[in-house]
Amino acid sequence: MNILFVCTGNTCRSPLAEKILQHLRPDLNVQSVGTRALDGDALSEHSRQILSQMHLPTTHKAKKITQADVDWANEIYVMTKNHQEDLKSIFPQSSDKIQLISEEETDIPDPYGESMEQYEITYYELKNAISERFL
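If you're matching positions, the sequence shown starts at 1 in the UniProt record's numbering and goes up one per residue.
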């Protein structure tokens, strides 16, 4: 099963989600991308610190979503309703694969530029949402 996580810049939320799920479910193929990512951007420093504290891999390079990514994925999980609407508009033939990561249908706020505490909150929101869906 191929799982794709999508956020905006692919430096904070979706890479955290990718690393969490890879750790919890090594049987799945997991990748992450961004709707407005700059290819090659590094993981945000706070995301890197959190992953390191949790003993998860910190290697990551941002990647903007492509049709090939959408075709590869069996399921696509986004962080916000705006991401969901954007992707369904850009990739209408794959709209049935695109859903919010939160089963409660709530957005996972972008911590970019925020405090380490906000990144930690985001990490645990993602971990809880992923655990509900995949464990």
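Here a beta-carbon is modelled for each residue, glycine too, at the ideal position from N, C-alpha and C.
These numbers come from a predicted model, not from an experiment.
*Alpha carbon to alpha carbon, how far is Tyr124 from Lys19?*
13 Å
_Sequence-distant residues of its chain with Cβ nearer than 7 Å to Ser102 (five each side left out)_ = Ile108, Ala129
*When burial is assigned at 16 or more other CB atoms within 10 Å of the CB, is Asn74 buried or exposed?*
exposed
*Between the C-alpha atoms of Val6 and Val78, what's the straight-line distance to the nearest angstrom?*
5 Å
*Between Leu21 and the rest of its own chain, which residues show a CB-CB distance below 7 Å, the 5 nearest in sequence each way excluded?*
Ile3, Leu28, Val30, Ile130, Phe134
_Out of Leu24, His55, Gln93, which one is the CA nearest neighbour of Lys127?_
Leu24
_Just verifying my parser: in three-state terms, what is the DSSP assignment at Phe134?_
helix
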